[in-house]
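The structure appears below as structure tokens.
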Amino acid sequence: MMGDSHLSSLIRLSIGGKKFCTTIDTLTRREPDSMLAAMFSGRHTLCQDSEKGHVFVDRDGKHFRHILNWLRDGVVPTLTDAEYSELGREAEYYQLLGLIDGISSVLNKRKEEEESHAELTRIDIIKCIQSERVRFRGVNLSGLDLSKLDLSFVDFSFACLKNVFFSRANLQCAKFRDVDAEGSIFHNATLRECEFTGANLRGALLAGANLQSANLQDACLIDCSFCGADLRSAHLQTADLTDANLEGANLEGANLKGAKLSNANLKGANLQRAYLRHVNLRDTHLEGAKLDGANLLGAIR
Numbered sequence: 005m006m007g008d009s010h011l012s013s014l015i016r017l018s019i020g021g022k023k024f025c026t027t028i029d030t031l032t033r034r035e036p037d038s039m040l041a042a043m044f045s046g047r048h049t050l051c052q053d054s055e056k057g058h059v060f061v062d063r064d065g066k067h068f069r070h071i072l073n074w075l076r077d078g079v080v081p082t083l084t085d086a087e088y089s090e091l092g093r094e095a096e097y098y099q100l101l102g103l104i105d106g107i108s109s110v111l112n113k114r115k116e117e118e119e120s121h122a123e124l125t126r127i128d129i130i131k132c133i134q135s136e137r138v139r140f141r142g143v144n145l146s147g148l149d150l151s152k153l154d155l156s157f158v159d160f161s162f163a164c165l166k167n168v169f170f171s172r173a174n175l176q177c178a179k180f181r182d183v184d185a186e187g188s189i190f191h192n193a194t195l196r197e198c199e200f201t202g203a204n205l206r207g208a209l210l211a212g213a214n215l216q217s218a219n220l221q222d223a224c225l226i227d228c229s230f231c232g233a234d235l236r237s238a239h240l241q242t243a244d245l246t247d248a249n250l251e252g253a254n255l256e257g258a259n260l261k262g263a264k265l266s267n268a269n270l271k272g273a274n275l276q277r278a279y280l281r282h283v284n285l286r287d288t289h290l291e292g293a294k295l296d297g298a299n300l301l302g303a304i305r
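Heads up: the sequence shown at position 282 corresponds to 286 in our numbering, and the numbers run straight through without jumps.
Laid out in structure tokens, this is it:
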């Protein structure tokens, strides 16, 4: 059975008395360092019972179909937490490291989703914004789709806005003070005169957004994309723009006093009349940037 054609050979398994049929290829290909792969490598004598030559393994067969499906397709099944715990024990016994990692990844994602579950829906938001002086201070809205809505003058201060979709929304004069908006999407949104003081916008997408006269003082803007954004007269004092992409952005008259610009991309950006006194530009990409009338007194270049 373990000759040249052994990879395509059918194998009958009895897992704690529960019968399964598969191939050596399935048992050895995806997880070559597993116990199952070692068992069927041809290097070991296998324990076969008398009935139809099944190879017997003294384990509970309850979850073995999930193990076979993992070995066939690399798919982690959708189970309850208790069932994942049981499957994890079987995966550990068979030394299926890829499946163990897959289960861990699913459980971590599930935990994150439970922790970041939004307290309101898009419908709730639409109902709220029909009244005056709307406040969502400190509310968890993470993951919501609020694209294209008129949210001007809304107070989101201290809210959790992780991964919220604000694409093309009207957010003029909205307050985002000290929000956690990591990974949020503000693509082509109107953010004129918004307040983002102390906000966490790490990894947010603000490409094409209108941020004219917006206040981003002390904001965390690491890894943000401001490609083609309008930041004319924006307040960016002591903002952290490390690794941010501002290619082609309009920063005319913007105040960047004390801003961190390490590895920031300002290629082709308009920095005319911008305030850059004492700013460290040594690791900043400024190819093709317009610096006419910019205040560069004491800037490190």
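Quick reminder that beta carbons are idealized off the backbone N, C-alpha and C, glycines included. Model, not experiment: these values are computed from the prediction.
Residues bridged to Y279 (per DSSP) = Partner(s): N259, N299.
Fully enclosed by the stretch 93–142, which alpha helix (DSSP H) runs are 4 residues long or longer?
-> Residue ranges of uninterrupted alpha helix (DSSP H) with 4 or more members, entirely inside the stretch 93–142 and ordered along the chain, are 101–119, 126–132.
Tell me whether M6 sits in a helix, a strand or coil according to DSSP, three-state version.
-> The pLDDT assigned to M6 is 43, lower than 50, so where the model puts this residue is not dependable, and the model offers no usable value.
With DSSP run on the structure shown, which of helix, strand or coil describes H67?
-> Under the three-state reduction of DSSP, H67 is assigned to coil, being neither helix nor strand.
Cβ of N254 within 7 angstroms of Cβ of D234?
-> Yes. Within cutoff.
Leaving out five residues on either side along the sequence, give the residues of the same chain with a beta carbon under 6 angstroms from the beta carbon of L153.
-> Contacts found: A173.
Three or more beta-carbon pairs under 8 angstroms between the stretch 57–67 and the stretch 103–113, yes or no?
-> Result no; under three Cβ-Cβ pairs closer than 8 angstroms.
Paired residues, beta bridge with N254 - DSSP = Per DSSP, D234, N274.
Can you tell me which of R305, S237, S266, E186 puts its alpha carbon nearest to the alpha carbon of F169?
-> Here the closest residue by C-alpha is E186.
Cα-Cα separation between K294 and A278, rounded to whole angstroms | The alpha-carbon atoms of K294 and A278 are separated by roughly 10 angstroms.
Environment of T194 [buried if 16+ CB atoms lie within 10 Å] = It counts as buried.
Would you identify the three-state DSSP class for L153, choosing helix, strand or coil?
-> Coil, per DSSP.
Applying the criterion that 16 or more other CB atoms from any shown protein chain within 10 Å of the CB defines a buried residue, is T125 buried or exposed?
-> The residue in question, T125, is exposed, as its Cβ has fewer than 16 Cβ neighbours within 10 Å.
DSSP state of E87, grouped into three classes?
-> In the three-state reduction of the DSSP assignment, E87 falls in the helix class, which pools H, G and I.
Would you please state the rounded distance, in angstroms, between the beta carbons of A238 and L250? I believe it to be under 8 angstroms.
-> Not really, about 11 angstroms apart at Cβ, beyond 8 angstroms.
Burial state of A86 (16 or more Cβ within 10 Å) | Residue environment for A86: exposed (fewer than 16 other C-beta atoms within 10 angstroms of its C-beta).
When burial is assigned at 16 or more other CB atoms within 10 Å of the CB, is M6 buried or exposed?
-> Unreliable positioning characterises M6 in this predicted model, as indicated by a pLDDT of 43, which lies under 50. The coordinate reading is nonetheless provided below. The residue in question, M6, is exposed, as its Cβ has fewer than 16 Cβ neighbours within 10 Å.
Answer yes or no: do F190 and F160 have a C-beta to C-beta separation smaller than 7 angstroms?
-> In this structure, F190 keeps its C-beta atom at 7 angstroms or more from the C-beta atom of F160.
Contact check, F24 vs T32, beta carbons under 7 angstroms = In this structure, T32 does not lie closer than 7 angstroms to F24 by Cβ.
Across which residues does DSSP place N214 in a beta bridge pair?
-> Its beta-bridge partners are T194, D234.
With DSSP run on the structure shown, which of helix, strand or coil describes I304?
-> If DSSP states are grouped into helix, strand and coil, I304 belongs with the strands.
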